[in-house]
Amino acid sequence: MNETAIEAAVRLDDRKARPGEVFTTFLKLGLTSFGGPIAHLGYFRDELVTRRKWIDEAGYADLVALCQFLPGPASSQVGFALGLFRGGPLGAFAAWAAFTLPSAILLLLFAYGAAAFDGPVGGALIHGLKIVAVAVVAQAVWGMARNLAPDRERASIALTAVVIVVFAAGSIGQIAAIVVGGLAGLWLCREGAAPAIGHLQFRVSKPVGLLALAVFFLLLFLLPLVAGAAQGMALFDSFYRAGSLVFGGGHVVLPLLQAEVAPPGWVSDNIFLAGYGAAQAVPGPLFTFAAYLGAVMGPEPNGIAGAAIGLVAVFLPGFLLLVAALPFWDAFRTRPVAQAAMRGANAAVVGILGAALYDPVWRSAILTPYDFALGLAGFILLTVWKAPPWIVVVLIAAGGVTLGLLY
């Protein structure tokens, strides 16, 4: 047996199921990974590619490309896939649980404490967290526009998405904007196809991939039909639908979830934005914001049960699509048509998030010139000074409390 074959045999043996190792590794990442999905991918690379050598550089790059192509929480999908690669199905679950639970528990605790914020100081703190949301969403729109809508064609798609969302509010308008963006991408975004890199070797068969895709669509179309049977089903349906449409990064979940929980009166805009601001101060995936929303829901199930339903429902579609895509990605990623449609859909996402920056984020938080100055300070700290988000949360929330007490 030559050296290459020996190395391959060692790598194959090293991939035997080790869910305990996967859990402890991702728990460390879940406790320390601040800064959003792009930062998370950097943490993963340092820990799992460079130090532990679970996967090579080319394979990791291709995995990241796949997860950015699919709807869902990109960094959590990468973690789920690496857990699957290292420890099989149990490893995938261990990776998700360990990376997700620290931030979910912190936001659940914040949800239980939010009811105590009724006095002047508590109200000012809530308002400060809403101003944090302005700075964070503005930074997300700025960065995504530069990366996903850098030319006239994609900027025009983004603007069209804004118009669609403004005139067709709610989830229907957002779905329509993404569909129109993808179709426009087929026409306008055929140039500049990204070269294929790496090669993914996951032990997921094509029948399993097709089964995962069937389950994804079955839930997507069946859940609305049974949502009226119980509030728990309606909650699962709303969060599952939001998780199915998140293209372009975790911040996009803001308008999608707001469209699901605000119109029926489950969560007020004030409580919604306060939780979104608090979510910036915790490590791990931004999708754990769903745990907070599930906990603070007006109708039952809420509390821990609501948090669990929201958390599972918002992550599940992204993981089903990931499993569905793994066996077919090497062939599919080279097709220019698929890349063009994805570029158009991503540009539409910039428009959706831009519309959300105005309503509800800006309109609910920026009420005075002092609020504007504080929000602008947070934006500059994030974009120019590159300050860690949790520091910005602390500073701007403290500023909000100070303004609330003085004015």
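Counted from 1, the sequence shown has number 636 at position 283 by the working numbering; the numbering is strictly sequential.
Where is the CB? At the ideal position from N, CA and C, for every residue including glycine.
For Q492, the secondary structure class from DSSP, reduced to helix, strand or coil, is helix. For V635, the CB contacts under 6 Å within the same chain, skipping 5 residues up- and downstream, are S456 and L459 in chain order. Around the beta carbon of L759, fewer than 16 other beta carbons lie within 10 angstroms, which makes this residue exposed. E544 and V702 have their C-alpha atoms some 20 Å from each other. In this chain, the alpha helix (DSSP H) harbouring R505 covers R505 to F520.
Contact annotation, P670 with P390: C-beta distance approximately 17 Å; criterion of less than 8 Å not satisfied. Annotation for S591: the continuous alpha helix (DSSP H) segment containing it runs Q584 to S597. Distance from the Cα of G656 is smallest, within the candidate group A684, G585, A691 and A612, for G585.
Runs of the alpha helix (DSSP H) lying entirely within the segment 710-737, each at least 4 residues long, are 722-736 in chain order. P741 and L735 have their alpha carbons spaced roughly 7 Å apart. When the alpha-carbon of L536 is set against those of L720, G753, V690 and V375, the nearest one is in V690.
Rounded to the nearest whole angstrom, the CA to CA distance from Q692 to W540 is 12 Å. Pairing A666 with G596 gives a Cβ-Cβ distance under 9 Å.
Secondary structure in the segment 380-452: the alpha helix (DSSP H) runs of 4 residues or longer, each lying completely within the stretch, are 390-397 and 410-422 in chain order. For a cut-off of 8 Å, the C-beta gap from A644 to L674 is around 21 Å, too long to register as a contact.
If you look at E613, you'll find it in the alpha helix (DSSP H) that goes V606 to V614.
Residue A434 holds the alpha-carbon nearest to the alpha-carbon of V557 among W449, S386 and A434. Your pair V487 and I719 checks out as a contact, with CB atoms roughly 6 Å apart and the cut at 8 Å.
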